[in-house]
Amino acid sequence: MDIGSIGQMVRRVRKRAGLRQDELAGAAGVGIRFIVDLEAGKPTLQVGKVLHVLDALGIVVALTTRSEGLTG
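Residue numbers for the sequence shown, in our numbering: 810 to 881.
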C-alpha cells in the first residue's frame with residue numbers, strides 16, 4: 810500500500826458516500842486542499858490528518874508486519 814492507493818480509496822469511498830471534497834474536509838476537520846492533495850497521492854501529508862480522513866469515511870486501518878502478512 811502506498812499513498813497513491815490510499816488516495817484512490819479515499820476518493821472512491823467519498824464519492825460512494827455522496828460527499829463533496831469540502832464536506833469530507835469539514836467532517837474530518839481538515840482543509841479542502843488537504844483532501845485534494847490526499848486524493849492526488851501527495852507523499853508528504855501528515856499521517857494524523859490522513860487518519861482523521863480515513864476515520865471520517867469509516868475506513869479501517871490494519872497494520873501487520875510483512876512476515877505476519879505472508880505467513881498469517
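Think of the CB as a built atom: it goes at the ideal place given N, C-alpha and C, for glycine as much as any other residue.
Just so you know, these numbers come straight off a predicted model, no measurement behind them.
Where residue i sits in the DSSP three-state scheme
i, result
"glutamine 855", "coil"
"arginine 756", "No answer is possible for residue 756: it lies beyond the span of the chain, which begins at 810 and ends at 881."
"leucine 860", "helix"
"glycine 838", "coil"
Continuous alpha helix (DSSP H) stretch holding residue i: start and end
i, result
"methionine 818", "812-825"
"leucine 847", "841-849"
"glycine 867", "First-last for glycine 867: undefined, no H or E at that position."
Residue from the options whose Cα sits closest to the Cα of residue i
i, options, result
"glutamine 817", "Val845, Ile841, Ala834", "Val845"
"alanine 837", "Ile812, Lys858, Val822, Arg875", "Lys858"
"aspartate 811", "Leu854, Ala865, Gly867, Asp864", "Leu854"
Presumed contact (8 Å Cβ cut-off) between residue i and residue j, rounded CB distance
i, j, result
"phenylalanine 843", "alanine 849", "At roughly 11 Å, the Cβ-Cβ gap does not stay under 8 Å, so phenylalanine 843 and alanine 849 are not in contact."
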